[in-house]
Amino acid sequence: MTLTDSNKLTDETTTIASWALAVCRTIDAAGIDSQKILDEIGIDKSILQDPNARLPTQQMTQLWRRAVTITADEAIGLKVANFVQPTSFNALSFSLLVSESLADAWSRVKRYHSIISNVLEMDVEHGPQESALCFNKLPGKHYADEAIDAFMATSYLMPLQVSNGQIKPTRLVLERRQPFNPKPFEQLFNCPINYAANGNKIYYSNQDLQLPFPSANKELALKNDEAIQSYFQTLSQPAFSKKVSEEIAIAMTLGNPDRDTIAKTFHMSSRNLQRKLREEGTSFSEQVELFRKDLAQKYLSCPQLSMLEISFRLGFKDPSNFTRAFKRWYGVSPLQYRQRNGSK
Numbered sequence: 001m002t003l004t005d006s007n008k009l010t011d012e013t014t015t016i017a018s019w020a021l022a023v024c025r026t027i028d029a030a031g032i033d034s035q036k037i038l039d040e041i042g043i044d045k046s047i048l049q050d051p052n053a054r055l056p057t058q059q060m061t062q063l064w065r066r067a068v069t070i071t072a073d074e075a076i077g078l079k080v081a082n083f084v085q086p087t088s089f090n091a092l093s094f095s096l097l098v099s100e101s102l103a104d105a106w107s108r109v110k111r112y113h114s115i116i117s118n119v120l121e122m123d124v125e126h127g128p129q130e131s132a133l134c135f136n137k138l139p140g141k142h143y144a145d146e147a148i149d150a151f152m153a154t155s156y157l158m159p160l161q162v163s164n165g166q167i168k169p170t171r172l173v174l175e176r177r178q179p180f181n182p183k184p185f186e187q188l189f190n191c192p193i194n195y196a197a198n199g200n201k202i203y204y205s206n207q208d209l210q211l212p213f214p215s216a217n218k219e220l221a222l223k224n225d226e227a228i229q230s231y232f233q234t235l236s237q238p239a240f241s242k243k244v245s246e247e248i249a250i251a252m253t254l255g256n257p258d259r260d261t262i263a264k265t266f267h268m269s270s271r272n273l274q275r276k277l278r279e280e281g282t283s284f285s286e287q288v289e290l291f292r293k294d295l296a297q298k299y300l301s302c303p304q305l306s307m308l309e310i311s312f313r314l315g316f317k318d319p320s321n322f323t324r325a326f327k328r329w330y331g332v333s334p335l336q337y338r339q340r341n342g343s344k
């Protein structure tokens, strides 16, 4: 599988669930029960123990926001790196540890970064004296600043630990604004940091990039690469939630989608359907709402469709319920939305 193939694993932005587990352990270490936060967001904690499970990036962003708020710690992303385990990123963690050098590890990160999250791209910027591992935002994708903080801290700690403290960054560039208290960043990275920049980059001297890792094991690294390829193949399979969404689309043309009826199309009970959806970080009601939300915009762009007809097509028995739902989704009424977008 090529890099291009791996970037097309899914149209949705997702993050490996073990990343959320590291966040929860950091919250727990602060003396706060992470379970309450997971319940608020709607994340089943049992999913976090599955090395192959993934979460919608939207839920990860919510988790980051709640983590910062409840701990009152702007630098919590840096602390999350301390709770990242060798198993946190599936086989990728092991591949990095047994790479020949930091340059070799970066080539794997560039190739397999979507195993962690597909909300951004990772690239390597080469220079005459130093080079950088770059975290590039994809158009239309969003992530929390703290997620980049954690990525950077992990990218810093791995080579530092493997090299017994020899390999250290020369400078750091971050898109985020400067924290109110920048000391935790200064103390951890111990190098110049440029905030509010046009990108996220961690720089190392080219000499350090080529230093051999004491833990290098080419044969083991290649074996782990094979495991990563297998994981990618698993990700490329259609998600169950996507299949459910397709059935909802069909059911929507016949009336209001019914969970029990759709469960029968998969030869399972309604409870099992909900359980499988929870494993992918969603629910039946969320799938229906996402479909209605997207379809509402398309219907409103058709001037020949009245508000009453749109309401019924979306499965709302009362047009006022459609109006309330639309305001919740987009902050304006359906009529205001239609007027703003040039339809009469």
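Residue numbers 1 to 344, in full-length UniProt numbering, belong to the letters of the sequence shown in order. Think of the CB as a built atom: it goes at the ideal place given N, C-alpha and C, for glycine as much as any other residue.
(1) Could you have a look at Ser163 and say whether DSSP puts it in helix, strand or coil?
(2) Just grab the DSSP bridge partners of Asp123 for me.
(3) Quick check: Lys45 and Gln58, are their CB atoms within less than 9 Å of each other?
(4) CB-CB under 6 Å to Arg338, same chain, minus the five flanking residues each way: which ones, in chain order?
(5) Using the C-alpha atoms, what's the distance from Ala72 back to Cys191?
(6) Per the contact definition of three or more C-beta pairs closer than 8 Å, is the segment 95-106 in contact with the segment 172-182?
(7) Using the Cα positions of Gln210 and Asp225, report the straight-line distance between them to the nearest angstrom.
(8) Does the Cβ-Cβ distance between Ile116 and Ala67 come in under 9 Å?
(9) Throw me the rounded Cβ distance for the Ala17 and Arg65 pair, which I believe falls under 8 Å.
(10) Drop a sphere of 10 angstroms on the beta-carbon of Lys201, count the other beta-carbons inside from all chains shown, and report buried for 16 or more, exposed for fewer.
(11) Of all the options Arg313, Glu286, Phe284, Gln287, which has the alpha carbon lying nearest to the alpha carbon of Lys298?
(12) The beta strand (DSSP E) with Asn200 in it runs from where to where?
(13) Does the beta-carbon distance from Leu92 to Gln49 come in below 9 Å?
(14) In or out: Asp208 buried (at least 16 other Cβ within 10 Å) or exposed?
(15) Going by the beta-carbon positions, is the gap between Ala147 and Thr15 smaller than 9 Å?
(16) My assumption, with CB atoms under 8 Å, is that Phe240 sits in contact with Glu280. Please give the rounded CB distance.
(17) Taking the straight line between their C-alpha atoms, what separation do you get for Trp19 and Leu308?
(18) For Glu289, which option in Ser269, Arg177, Ile47, Trp329 has the closest C-alpha, if you only look at C-alpha atoms?
(19) Need the endpoints of the alpha helix (DSSP H) that Ile16 sits in, please.
(20) To test your reading of the DSSP string, which unbroken beta strand (DSSP E) runs of 3 or more residues are found completely within the segment 145-195?
(21) Quick check on Leu314: does DSSP put it in helix, strand or coil?
(22) Since Tyr195 and Pro169 should fall inside the 8 Å C-beta cutoff, what is the C-beta to C-beta distance between them, to a whole number of angstroms?
(23) So, does the segment 79-87 touch the segment 150-160, judging by three or more C-beta pairs under 8 Å?
(24) Which whole-angstrom value describes the C-beta separation of Ala144 and Thr61, a residue pair presumed to lie in contact below a C-beta threshold of 8 Å?
(25) Nearest CA to the CA of Ser283: which residue from Thr323, Asn206, Ile310, Lys242?
(26) Can you give the Cα-Cα distance for Lys276 and Val244, rounded to whole angstroms?
(27) For Lys327, which residues in the same chain have their Cβ closer than 7 Å to its Cβ, ignoring the five residues on either side in sequence?
(28) Using the DSSP secondary-structure output, state which residues sit across from Leu55 in a beta bridge.
(29) Thinking Ile262 and Glu286 are a contact (beta carbons under 8 Å), I'd like their distance in whole angstroms, please.
(30) Helix, strand or coil, according to DSSP, for Pro86 in the structure here?
(31) Taking 8 Å as the limit between beta carbons, can you name the residues of its chain near Ala251, skipping five residues before and five after?
(32) Compare the Cα-Cα distances from Asp294 to each of Gly127, Ile310, Ser306, Lys141 and report the closest residue.
(33) How big is the Cα-Cα spacing for Glu130 and Ile32?
The answer reads as follows:
(1) Ser163 falls in the coil class under three-state DSSP.
(2) The beta-bridge partner set that DSSP reports for Asp123 consists of Cys134.
(3) No, these two residues do not count as a Cβ contact at 9 Å.
(4) Excluding five sequence positions before and after Arg338, the CB atoms of its chain that fall closer than 6 Å to its own CB belong to Leu300, given in chain order.
(5) If I take the Cα positions, the gap works out to 25 Å.
(6) Touching, no, given that fewer than three Cβ pairs across the two stretches are closer than 8 Å.
(7) A direct Cα-Cα distance of roughly 20 Å separates Gln210 from Asp225.
(8) 9 Å or more divides the Cβ of Ile116 from the Cβ of Ala67.
(9) Cβ atoms of Ala17 and Arg65 stay farther apart than 8 Å, at about 18 Å.
(10) The residue is buried, with at least 16 neighbouring Cβ atoms inside 10 Å.
(11) The candidate whose alpha carbon is nearest that of Lys298 is Arg313.
(12) It spans 200-205 - the beta strand (DSSP E) in which Asn200 sits, taken as one unbroken run.
(13) The answer is no: Cβ separation not under 9 Å.
(14) Flag for Asp208 reads buried.
(15) Result yes, Cβ atoms of Ala147 and Thr15 sit closer than 9 Å.
(16) Their Cβ separation, rounded to whole angstroms, is 6 Å, which keeps Phe240 and Glu280 in contact under 8 Å.
(17) Answer to the nearest angstrom: the Cα atoms are 45 Å apart.
(18) Nearest C-alpha to Glu289: Trp329.
(19) According to the DSSP assignment, Ile16 belongs to no alpha helix (DSSP H) but to the beta strand (DSSP E) extending over 14-16.
(20) Taken in chain order, the complete beta strand (DSSP E) segments of 3 residues or longer contained in the segment 145-195 are 171-173.
(21) Correct three-state label for Leu314: coil.
(22) Tyr195 to Pro169, Cβ: 15 Å. No contact.
(23) Yes, the segment 79-87 is in contact with the segment 150-160.
(24) Between Thr61 and Ala144 the Cβ distance is about 5 Å, and since that is below 8 Å, they are a contact.
(25) Looking at Thr323, Asn206, Ile310, Lys242, the one whose alpha-carbon comes closest to that of Ser283 is Lys242.
(26) Distance between Lys276 and Val244, taken at the CA atoms: about 10 Å.
(27) Short of 7 Å from the beta carbon of Lys327, and not among the five residues preceding or following it, lie these beta carbons of its own chain, in chain order: Ser333.
(28) Its beta-bridge partners are Thr15.
(29) Taking 8 Å as the upper bound for CB-CB distance, Ile262 and Glu286 are not in contact here, some 14 Å apart.
(30) In the structure shown, the three-state DSSP call for Pro86 is coil.
(31) Excluding residues within five positions, the ones whose Cβ falls inside 8 Å are Pro257, Asp258, Thr261, Ile262.
(32) The residue with the shortest Cα to Cα distance from Asp294 is Ile310.
(33) Cα to Cα, the separation comes out at about 41 Å.
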